[in-house]
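Single-structure report; data block below.
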Amino acid sequence: MAFGHIPQTFIDELISRVDIVEVIDSRVPLKKAGRSYTARCPFHNEKTPSFSVNPDKQFYYCFGCGVHGTAISFLMDYEHLEFPEAVEELARGMGLTVPREKGSGGGKTNSRRDLYDWLEEATRYYQWALAEHPQRKAARAYLEEQRGLNAEVIERFRIGYAPPGWDNLLRKLGGENARQPLMDTGMLIQQEGTNRVYDRFRDRIMFPIEDRRGRILGFGGRTLGNDTPKYLNSPETLLFQKRHELYGLRQAAERGRSPEYVLIVEGYLDVVALAQYGIPHTVATLGTATTAEHLKRLFRITPQLVFCFDGDRAGRAAAWRALEASLPELHDQRDVRFLLLPEGEDPDTLVRVEGLEAFSTRLRQATPIIQYLLEVVRAQVDTERTDRQARVVELVRPFMAKMSAGIYRTFLIRELAELTRITPDALSKLVQPKTVTHSKTPAPTGERAGRPSPVRAALGLLLMRPDLAELVDDPARYAGYEVPGAKLLGEVITLLQTQPNLRPSAILEHWRGTETEQHLAQLAQWTPLVPEEGMATELKDVLKRLEQQALEQETTRLVDKARISGLAGLADTERMRLNQLLSRKKAGAAIKPGG
Numbered sequence: 003m004a005f006g007h008i009p010q011t012f013i014d015e016l017i018s019r020v021d022i023v024e025v026i027d028s029r030v031p032l033k034k035a036g037r038s039y040t041a042r043c044p045f046h047n048e049k050t051p052s053f054s055v056n057p058d059k060q061f062y063y064c065f066g067c068g069v070h071g072t073a074i075s076f077l078m079d080y081e082h083l084e085f086p087e088a089v090e091e092l093a094r095g096m097g098l099t100v101p102r103e104k105g106s107g108g109g110k111t112n113s114r115r116d117l118y119d120w121l122e123e124a125t126r127y128y129q130w131a132l133a134e135h136p137q138r139k140a141a142r143a144y145l146e147e148q149r150g151l152n153a154e155v156i157e158r159f160r161i162g163y164a165p166p167g168w169d170n171l172l173r174k175l176g177g178e179n180a181r182q183p184l185m186d187t188g189m190l191i192q193q194e195g196t197n198r199v200y201d202r203f204r205d206r207i208m209f210p211i212e213d214r215r216g217r218i219l220g221f222g223g224r225t226l227g228n229d230t231p232k233y234l235n236s237p238e239t240l241l242f243q244k245r246h247e248l249y250g251l252r253q254a255a256e257r258g259r260s261p262e263y264v265l266i267v268e269g270y271l272d273v274v275a276l277a278q279y280g281i282p283h284t285v286a287t288l289g290t291a292t293t294a295e296h297l298k299r300l301f302r303i304t305p306q307l308v309f310c311f312d313g314d315r316a317g318r319a320a321a322w323r324a325l326e327a328s329l330p331e332l333h334d335q336r337d338v339r340f341l342l343l344p345e346g347e348d349p350d351t352l353v354r355v356e357g358l359e360a361f362s363t364r365l366r367q368a369t370p371i372i373q374y375l376l377e378v379v380r381a382q383v384d385t386e387r388t389d390r391q392a393r394v395v396e397l398v399r400p401f402m403a404k405m406s407a408g409i410y411r412t413f414l415i416r417e418l419a420e421l422t423r424i425t426p427d428a429l430s431k432l433v434q435p436k437t438v439t440h441s442k443t444p445a446p447t448g449e450r451a452g453r454p455s456p457v458r459a460a461l462g463l464l465l466m467r468p469d470l471a472e473l474v475d476d477p478a479r480y481a482g483y484e485v486p487g488a489k490l491l492g493e494v495i496t497l498l499q500t501q502p503n504l505r506p507s508a509i510l511e512h513w514r515g516t517e518t519e520q521h522l523a524q525l526a527q528w529t530p531l532v533p534e535e536g537m538a539t540e541l542k543d544v545l546k547r548l549e550q551q552a553l554e555q556e557t558t559r560l561v562d563k564a565r566i567s568g569l570a571g572l573a574d575t576e577r578m579r580l581n582q583l584l585s586r587k588k589a590g591a592a593i594k595p596g597g
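Sequential numbering of the sequence shown, starting at 3, is according to the numbering used here.
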C-alpha cells in the first residue's frame, strides 16, 4: 500500500457524518422540493433546475447532464480537487484529522508534506539561478531571444535554471540533511556501487511540474548543451506519476472557473508560448501518451478538449493514441476535437508567425473526434470500392465497442452507414453498446417498459434500504450465478452485512473510479414502487426471481453447448449438472444455481 493512503474506514465514517445538503448549499443555493432539494446544475448551463440532492441517500444527480456523486465527488467536481484534497476539505469542516496508512517499505520515509517543501526549495533555487547565477546568460538568451518569452510568463510558470556542476542543489539545500529527501524526490542520483550522489539536472532550463494547487511534483529539464535526452523528466516518485500529471494544469485551471476548452499539446514551451500569446488554457502530457487519468482530470475543468499536435508522423501517432484513450470517456456533454498543424510547425512557432487571431481560427475549425476517426480510416481504405467496405467496418468496429451508447455512437453509425452503404440497423447489431452511464434521463431499472431485472431491482432496494442486507443468507453464492451483475450484488450484500450502518453514498465510495460506481449511481436514483414497509418482502421476491433466472441461463448454456458439440463435448461434471437441471425442472423440484 502506498504511503499516505486514506483508510476506507475513515472515508465511511466521514460520509456517515457529513450532510451533503449543507456542503452543496454553501456553494450552490438549494431549494426544498418534496423530500429532495433542487438547483440549476453548476456543471452545465440550463434554464430550469434539473440538479437534485437527496438527503436520505446523501447523493446528488443532474437529470440534464448526468453528473452525480457524493459530497466528496461534489467537491472534486466543483472545486476541481483531487480525491485526497476533497476528503481533507470535508474532514477539516467537521473538525476531523485525516489518518494516513504508511507503506510497508523499510527505512525512514519523508512525508508528502516534507517532500513538497523540498521541491519548493529546489524551485526557488532554480529561479534564483536563472536570475543571478554567473552562468545564467545562455539560459536567459535561449528563453528570451530564441523563444521570445517575456519576464511575466517566465515568472508565471516559475521557469528556472540548473547550473552546470555535480552537487549544486545538494550544497544549496543543506548538504547531508537534504540528501535523503532529494533522493526520494528523484532530484539526486546515487552512483552505482558507491555512496556518492549527484544532481540529476545539470545545465538545463527547468520547468516545475505543479499539481492543480501549485505544489511542485517534479521537473522537466531542457538541456542547453549536448546532453541527451534533450528533455529530461523527474523519475516516478511518491509525488510524481507522469501518466497522471499534466504540465500547465494549475495555470489552465486558475484562469477561469470553467474554461470553454482546454488545449492539449506536446511540449513545455508550447504551453508557455501559447499562454503568453493569449491562450492560457493549455496543458502538455509529460513525454507519455494521453491516458484515461489525464482525461478524467481535464474533464473536471472543462467539457471540451482540443488535441493540438504537429502534423508529422509522430504527431499523427500521438493524435491517434489520444483518440483511442478519449472514446471510452465520451458522453453527450463532452466534446473532443483534433487540430493537426502543418508538417514542420508546432504550436509555439506557429502562434508567433500567425498571431493569436489566426491560431484561434484554427482552433475553432478543429476536427470533431468522429470525423477525425473516419478521416484516418478513409486514408487507409479505398471506400469507393464495394469489396473494401467490409474492411472499413472491421477497422471501425473496435472503436465502436469502446463507446457508450449515446449521440457519438449514433453519429458514428450514421456516418459509417453513409460511407459503406450498409443500413444503420445492420451496423448497430455488429457491436452492442456499452452500458449508458451518462444518459440525460436515468434508467436505473434497465427495462423501461417492464419490471426491473432482478439484479437491478435488488441493488436498487439495497441502496434505498441498506439494512435489508441482513435478510440475505450466503451472499457469496451470487458469484457463481451466470447473470450479469450477480457477483456485484453479492459483494454489496457482503459489504452491508459487515458494515450495516453504511449510507448509500458510502456504498458508492467503495467503488469510486470504476464502471461499477457509474452503474450504482444510476440505480441510486430509482425509487421502488412498493411502500417502505413492503420492501423486505419485495427483496425476497426479487432474489427468488434472480435464482430462477440463473437456473434458466445455466440450463440454456449447457443445452446449447451439448447441441453444438454433442454430449461428448461436455465434461463429466457438466453432463451430470445438465441431467440434474433437466430432471429437477421436469419434476418441478427446487435446485440451487451453480450446482
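Backbone N, C-alpha and C define an ideal beta-carbon position, used for all residues, glycine too.
Beta carbon of residue i, beta carbon of residue j: below 9 Å?
i: leucine 580; j: alanine 564; result: yes
i: arginine 214; j: arginine 102; result: no
i: cysteine 43; j: proline 31; result: no
i: glycine 313; j: leucine 342; result: yes
i: arginine 380; j: leucine 421; result: yes
i: proline 349; j: valine 267; result: yes
i: leucine 241; j: leucine 121; result: yes
i: aspartate 337; j: cysteine 310; result: no
i: phenylalanine 221; j: alanine 124; result: yes
i: isoleucine 218; j: tyrosine 118; result: yes
i: isoleucine 281; j: leucine 365; result: yes
i: glutamate 534; j: leucine 560; result: no
i: alanine 254; j: histidine 283; result: yes
i: tryptophan 528; j: proline 456; result: no
i: isoleucine 191; j: serine 507; result: no
i: lysine 59; j: arginine 505; result: yes
i: histidine 521; j: serine 406; result: no
i: proline 305; j: histidine 46; result: yes
i: proline 530; j: proline 502; result: no
i: valine 89; j: isoleucine 8; result: yes
i: leucine 606; j: leucine 414; result: Here the chain comprises residues numbered 3 to 597, so residue 606 is not present and cannot be evaluated.
Roughly how far, in whole angstroms, is the beta-carbon of residue i from the beta-carbon of residue j, given that I think they are within contact range, below 8 Å?
i: leucine 470; j: leucine 464; result: 6 Å
i: phenylalanine 340; j: alanine 294; result: Not confirmed; about 18 Å, so no contact.
i: isoleucine 424; j: valine 395; result: 7 Å
i: glutamate 92; j: leucine 16; result: Before going further, note that residue 92 is leucine rather than glutamate in the sequence given. Indeed, because the Cβ distance is near 6 Å, the residues count as touching under 8 Å.
i: leucine 473; j: threonine 72; result: In fact, because the Cβ distance is near 26 Å, the residues do not count as touching under 8 Å.
i: leucine 132; j: alanine 141; result: 6 Å
i: valine 485; j: leucine 548; result: 7 Å
i: alanine 459; j: valine 544; result: 5 Å
i: phenylalanine 12; j: alanine 526; result: Rounded, the Cβ-Cβ distance is 22 Å, inconsistent with contact.
i: glycine 97; j: glutamine 335; result: The pair is not a contact, with the Cβ atoms about 36 Å apart (cut-off 8 Å).
At what residues does the alpha helix (DSSP H) containing residue i begin and finish?
i: proline 506; result: 506–511
i: alanine 35; result: Not the alpha helix (DSSP H): alanine 35 falls in the beta strand (DSSP E), residues 33–35.
i: leucine 288; result: Premise fails: leucine 288 is in no alpha helix (DSSP H) and is neither H nor E.
i: isoleucine 156; result: 153–158
i: leucine 418; result: 409–422
i: threonine 11; result: 10–19
i: valine 30; result: Neither: valine 30 is in no alpha helix (DSSP H) and is coded neither H nor E.
Beta strand (DSSP E) containing residue i: first to last residue?
i: glycine 462; result: No beta strand (DSSP E) holds glycine 462; the alpha helix (DSSP H) holding it covers 456–466.
i: glycine 162; result: 162–164
i: alanine 73; result: Segment 73–80 is the alpha helix (DSSP H) holding alanine 73; no beta strand (DSSP E) there.
i: valine 264; result: 264–267
i: glutamate 55; result: In the sequence under discussion, the amino acid at residue 55 is valine, which differs from the glutamate named in the question. Note, valine 55: beta strand (DSSP E), 53–56.
i: alanine 41; result: 38–41
i: cysteine 64; result: 61–64
Check whether the Cβ of residue i lies closer than 8 Å to any heavy atom of the ligand PLP, and answer yes or no.
i: serine 362; result: With respect to small molecules bound, the structure shown includes none, and the ligand PLP cannot be examined in it.
Margin query: So, does the region 303–318 touch the region 233–245, judging by three or more C-beta pairs under 8 Å?
Written below: no
Item checked: the region 280–288 touching the region 244–262, judged by at least three CB pairs closer than 8 Å -> yes
Check: Do the region 30–45 and the region 477–495 touch if we need at least three Cβ pairs shorter than 8 Å?
Finding: no
Next item on the list: Count the CB pairs spanning the region 160–177 and the region 198–217 that are closer than 8 Å, and state whether there are at least three.
Entry: yes
Note to self: Under 8 Å: do the region 173–186 and the region 145–156 share three or more Cβ pairs, one atom per stretch?
What the structure shows: no
Item checked: Contained alpha helix (DSSP H) runs [length at least 4] in the region 340–406, N- to C-terminal order -> 349–356, 358–366, 371–382 and 391–403
Check: Hey, which unbroken runs of the alpha helix (DSSP H) at 4 residues or more fall wholly within the region 90–151?
Finding: 114–134 and 139–142
Check: Can you list, in chain order, the stretches of the alpha helix (DSSP H) that have 4 or more residues and sit fully within the region 483–545?
Finding: 488–500, 506–511 and 517–525
Notebook entry, point to check: So does the region 273–283 actually touch the region 323–330, counting three or more Cβ pairs closer than 8 Å?
Noted result: no
Check: Would the region 51–68 and the region 114–129 be scored as touching if the rule is three or more Cβ pairs under 8 Å?
Finding: With the cut-off at 8 Å, the region 51–68 and the region 114–129 do not touch.
Next item on the list: Only counting runs of 3 or more residues, tell me where the beta strand (DSSP E) segments fall wholly within the region 171–241, in order along the chain.
Entry: If we require 3 residues or more, the beta strand (DSSP E) runs fully inside the region 171–241 come out as 190–192, 199–201, 206–212, 218–225 and 233–235.
Checklist line | alpha helix (DSSP H) runs contained entirely in the region 269–336, provided each spans 4 or more residues | finding: 270–278, 294–301 and 315–328
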